[in-house]
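To start, the structure under review is shown below, and the notes come after it.
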Amino acid sequence: MLVSAEAIRSYAFVMAALFALTSGGPGARAADGESLLAENRAALAAYFARQVEALTVESAVTVTSAEDWPAQKAAYRRQLQYSLGLEPMPARGPLEARITGVLEHDEFIVEKLHFQTLPGLYVTANLYLPRNLAEPAPTILYLCGHARRVEDGVSLGNKTAYQRHPAWFARHGYACLIVDTIQLGEIEGLHHGTHREGMWWWTSRGYTPAGVEAFNAMRALDYLETRKEVDAGRIGVTGRSGGGTGTLYLAALDDRVAAAAPVAGITDIRNHVVDFLTPKHCDCNYFPNPWRIDYARIVSLIAPRPLLIVNTDRDALFPLDGVQRVHARVRDVYDRLGATEKLGLAVAPGGHADSQLMQVPVFDWFNLHLKGKSVPIDSPAKSLVEDTALRVFEKLPEDEIVTRIHEKFVPAAAVAIPGSIETWTEQRAAFLAGLGEHCFRNWPATLEPLDIERVFAAERDGVYLRAWRLTAEPHVHLWLHVARAAGLTEPERINLIVADDQTWANALAAYRTVFDDVQPAYPAVNPDEEAFARERDLLETSKAVWAILTPRGVGPGAWAEPGSADAVHLRRCFPIIGQTLDGQRVLDVLRTLEGLRQATPDLPVTLIGRKEMAGIALYAAALHGRVEALRLIQPPLSHREGVELINVLRFMDLPQALALAIENSTVTLEETDPEAWNYAQAVSRLLDREAYLRFE
Numbered sequence: 000m001l002v003s004a005e006a007i008r009s010y011a012f013v014m015a016a017l018f019a020l021t022s023g024g025p026g027a028r029a030a031d032g033e034s035l036l037a038e039n040r041a042a043l044a045a046y047f048a049r050q051v052e053a054l055t056v057e058s059a060v061t062v063t064s065a066e067d068w069p070a071q072k073a074a075y076r077r078q079l080q081y082s083l084g085l086e087p088m089p090a091r092g093p094l095e096a097r098i099t100g101v102l103e104h105d106e107f108i109v110e111k112l113h114f115q116t117l118p119g120l121y122v123t124a125n126l127y128l129p130r131n132l133a134e135p136a137p138t139i140l141y142l143c144g145h146a147r148r149v150e151d152g153v154s155l156g157n158k159t160a161y162q163r164h165p166a167w168f169a170r171h172g173y174a175c176l177i178v179d180t181i182q183l184g185e186i187e188g189l190h191h192g193t194h195r196e197g198m199w200w201w202t203s204r205g206y207t208p209a210g211v212e213a214f215n216a217m218r219a220l221d222y223l224e225t226r227k228e229v230d231a232g233r234i235g236v237t238g239r240s241g242g243g244t245g246t247l248y249l250a251a252l253d254d255r256v257a258a259a260a261p262v263a264g265i266t267d268i269r270n271h272v273v274d275f276l277t278p279k280h281c282d283c284n285y286f287p288n289p290w291r292i293d294y295a296r297i298v299s300l301i302a303p304r305p306l307l308i309v310n311t312d313r314d315a316l317f318p319l320d321g322v323q324r325v326h327a328r329v330r331d332v333y334d335r336l337g338a339t340e341k342l343g344l345a346v347a348p349g350g351h352a353d354s355q356l357m358q359v360p361v362f363d364w365f366n367l368h369l370k371g372k373s374v375p376i377d378s379p380a381k382s383l384v385e386d387t388a389l390r391v392f393e394k395l396p397e398d399e400i401v402t403r404i405h406e407k408f409v410p411a412a413a414v415a416i417p418g419s420i421e422t423w424t425e426q427r428a429a430f431l432a433g434l435g436e437h438c439f440r441n442w443p444a445t446l447e448p449l450d451i452e453r454v455f456a457a458e459r460d461g462v463y464l465r466a467w468r469l470t471a472e473p474h475v476h477l478w479l480h481v482a483r484a485a486g487l488t489e490p491e492r493i494n495l496i497v498a499d500d501q502t503w504a505n506a507l508a509a510y511r512t513v514f515d516d517v518q519p520a521y522p523a524v525n526p527d528e529e530a531f532a533r534e535r536d537l538l539e540t541s542k543a544v545w546a547i548l549t550p551r552g553v554g555p556g557a558w559a560e561p562g563s564a565d566a567v568h569l570r571r572c573f574p575i576i577g578q579t580l581d582g583q584r585v586l587d588v589l590r591t592l593e594g595l596r597q598a599t600p601d602l603p604v605t606l607i608g609r610k611e612m613a614g615i616a617l618y619a620a621a622l623h624g625r626v627e628a629l630r631l632i633q634p635p636l637s638h639r640e641g642v643e644l645i646n647v648l649r650f651m652d653l654p655q656a657l658a659l660a661i662e663n664s665t666v667t668l669e670e671t672d673p674e675a676w677n678y679a680q681a682v683s684r685l686l687d688r689e690a691y692l693r694f695e
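Mapping to numbering that gives the first Met the number 0: the sequence shown position 277 is 276, numbers consecutive.
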């Protein structure tokens, strides 16, 4: 739940030293910039390890009885559905299935077909059927991993790369439908929104391509149920790599899957986050995770149906140690349900490759559980059709939405402007409940008092500058730099700036002009004498104490170079553990604000943020409730532009956050479009606080 004001106040710490008027020499911390970066990276690794350890415990599945398991499973399944963007489940309209061609082979027939899981959301597929089929057959849905097949600039779909598997099944008496994914199908959609496209709003929208792939797979089952060749009571699902992950999600969500065999597609969050596998995985492996669901819990939802987990011993994407941990936890569930013999683990030698040694156990597993008998596997899986012959579309449909399904799949909330105080009160309660349930759900319930380490204190050219490193929670370090005119004894206000990397770089360049000797750990920058002169003049005329907070991951707390691949993929780790980097930065600001309140209860605070940090400052002010003034410079107009918070766009957006803030703060917005904030302006009129909302 959302951390209460009382809980935030309980985090208070003694910060009077921050505003003591005595000066002191530099602290003991001194190192070069690279070692500071390495130190921060190690601290982040320790933070992730601690979070994952807690998550593993929280996500453990304990089956009380076989009778209670269906209700327990249903509750877990609802959480997974929501996390995948499938709650509510999209409407299942007509599939509009079309067969575009038929291929004849001596041992099987291939139908080239497509269907629409939503209007315009095309799935291209091949249906492999045994020849001379006399009765409905056991059937396999094969889900593809990442494999690109292109001919003359035209994508043939990853179904062509994996054709040997459905061919084997059809040659041995199975019907097998193999479907393209949205990323590498004939119509090429997107799996890499946060991985390489900077689409952090996917998290805020609650969108993951894993949800689309799971929904498409469920609709593929719908299609199979329409076919007379298919025995709908004997449908198995398998796939390798991303297809193995897709197998996991489908079997966990849909009880129509009679048996499952995910291949090289499962490991635990410890591998993904602590061992830092996120650079190797696209977004179809992950989902915003407010309920902190580990993969073992998802796998458990398949119980007590037959499940074979298949992997190799040297897979770098799905390491064996994580696979074995998942299997051990799931085995306990199967044991408690009296289904021990329905869970298997097969390990083959090799790396992350599609080998025959991995497929033989899969074939045998389905023979046993869909045909009722285990027979020797006497023929290998091999491709028997030219890739180009398997292409479904000669021309791609103009009404397709595959390439923009991320814009449509999870609807954003459309919040009406309230016409009365009563309506606003209801909306306000819903916003706060949503923030607690999703965005800030995994803030710590309790925190130790903030630890303060003085880094330096020095006076130069009429400016008194001090710096502290604050430990906000275990392994989380913030940096606070406080400046005032050297002669100022009775400040009238505290101006707290929440700094982004650019703001920090500008401040560092200014103060390096005369403070270069006090902290050699900061990276080298060119001093900006004109900027320092402006800062000094501002300090002399404002009668205020100016503080710059660099929240986690920024400035001297950075754990990667801004904009680097490491910075991207470390940021991607946060939603996997039920947080976002921006959401945790809101907590950083709240802790600092409460500390300032405790140290200087009579001084009003102006909280200032620029661009994305304006959004973080906005949420901190709205939740804190006792920030006198808030100044937002070039704020993002929506979470689509900045501030990544889990699922927030499903119930509110930044204009609603601004409405929350103006209840208690005077808010000034600079360099923005006032019309984008009409919602907040309407609420200010309802609350008779129009004068407290300004645009400059």
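Glycine included, every Cβ here is placed at the ideal spot set by N, Cα and C.
* Asked: Near residue 535, which residues of its chain fall below 7 Å by C-beta distance, leaving aside the five closest residues on each side in sequence?
  -> 460, 461, 462
* Provide the residue(s) that pair with residue 82 in DSSP beta bridges, ordered along the chain. => Beta-bridge pairing links residue 82 to no other residue.
* Bounding residues of the alpha helix (DSSP H) (the contiguous stretch that carries residue 212) -> 208-224
* Asked: Would you say residue 658 faces chain C, with C-beta separation under 8 Å as the test?
  -> Absence of chain C from the displayed structure is noted, only one protein chain being present.
* Proximity of residue 128 and residue 108 at Cβ, strictly below 8 Å -> yes
* Could you tell me whether the Cβ atoms of residue 343 and residue 314 are closer together than 8 Å? => no
* To do: Report the residue from 240, 523, 122 whose alpha carbon sits nearest the alpha carbon of residue 176.
  => 122
* To do: List in chain order: all unbroken alpha helix (DSSP H) runs of 4+ residues lying wholly within the segment 404-429.
  => 404-407
* **Segment contact flag, the segment 435-447 with the segment 500-519, C-beta cutoff 8 Å, min 3 pairs** => no
* Asked: What are the uninterrupted segments assigned as alpha helix (DSSP H) that are 4 or more residues long and contained completely in the segment 269-334, given in chain order?
  -> 294-299
* Distance, residue 639 Cα to residue 687 Cα -> 30 Å
* Rounded Cβ spacing between residue 499 and residue 610 (contact assumed at less than 8 Å) -> 6 Å
* Asked: What did DSSP end up calling residue 133 once you bin it into helix, strand or coil?
  -> coil
* To do: Determine the burial state of residue 379: buried for a count of at least 16 other Cβ atoms within 10 Å of its Cβ, exposed for fewer.
  => exposed
* Integer Cβ distance of residue 595 from residue 493, believed to fall under 8 Å -> 6 Å
* C-alpha distance - residue 428 paired with residue 81, whole-angstrom precision -> 21 Å
* **Secondary structure of residue 615, DSSP reduced to three states** => helix
* Does the Cβ of residue 267 have 16 or more other Cβ atoms within 10 Å, making it buried, or fewer, making it exposed? -> buried
* the segment 463-474 in contact with the segment 670-690 per 3-pair CB rule at 8 Å -> no
* **Three-state class that DSSP yields for residue 115 in the structure shown** => strand
* Asked: Are the Cβ atoms of residue 646 and residue 437 separated by less than 8 Å?
  -> yes
* **Complete runs of the alpha helix (DSSP H) confined to the segment 513-578 [at least 4 residues]** => 528-541, 564-575
* To do: State the DSSP-derived secondary structure class of residue 686, mapped to helix, strand or coil.
  => coil
* Asked: In its own chain, which residues sit with a C-beta less than 7 Å from the C-beta of residue 420, not counting the 5 before and 5 after it?
  -> 685
* 8 Å Cβ cutoff met for residue 696 and residue 606 -> Absent from the structure is residue 696, since the part of the chain shown begins at 0 and ends at 695.
* Asked: Taking all protein chains shown into account, do 16 or more other C-beta atoms lie within 10 angstroms of the C-beta of residue 527, making it buried, or fewer, making it exposed?
  -> buried
* Asked: Using a Cβ-Cβ cut-off of 6 Å (strictly less than) and excluding sequence neighbours within five positions of residue 641, which residues of its own chain qualify?
  -> 611, 614, 635
* Asked: When burial is assigned at 16 or more other CB atoms within 10 Å of the CB, is residue 20 buried or exposed?
  -> Unreliable placement is indicated for residue 20, whose pLDDT of 33 sits below 50; the coordinate value is still reported in the next sentence. Exposed.
* When you compare each of 241, 270, 256, 274 to residue 264 by their alpha carbons, which one comes out closest? -> 241
* Between residue 126 and residue 110, which are expected to be in contact by the criterion C-beta below 8 Å, what is the C-beta distance as a whole number of angstroms? -> 4 Å
* Assign residue 403 to one of two classes, buried (16 or more other C-beta atoms within 10 Å of its C-beta) or exposed (fewer than that). => exposed
* Provide the residue(s) that pair with residue 694 in DSSP beta bridges, ordered along the chain. => 668
* Would you mind working out which of 524, 94, 561 sits nearest residue 216, comparing C-alpha positions? => 94
* Cβ pair residue 233, residue 138 closer than 8 Å -> yes
* Starting from residue 467, follow the beta strand (DSSP E) in both directions and report where the run begins and ends. => 462-472
* Give the secondary structure of residue 449 by DSSP, where H, G and I count as helix, E and B as strand, and everything else as coil. => coil
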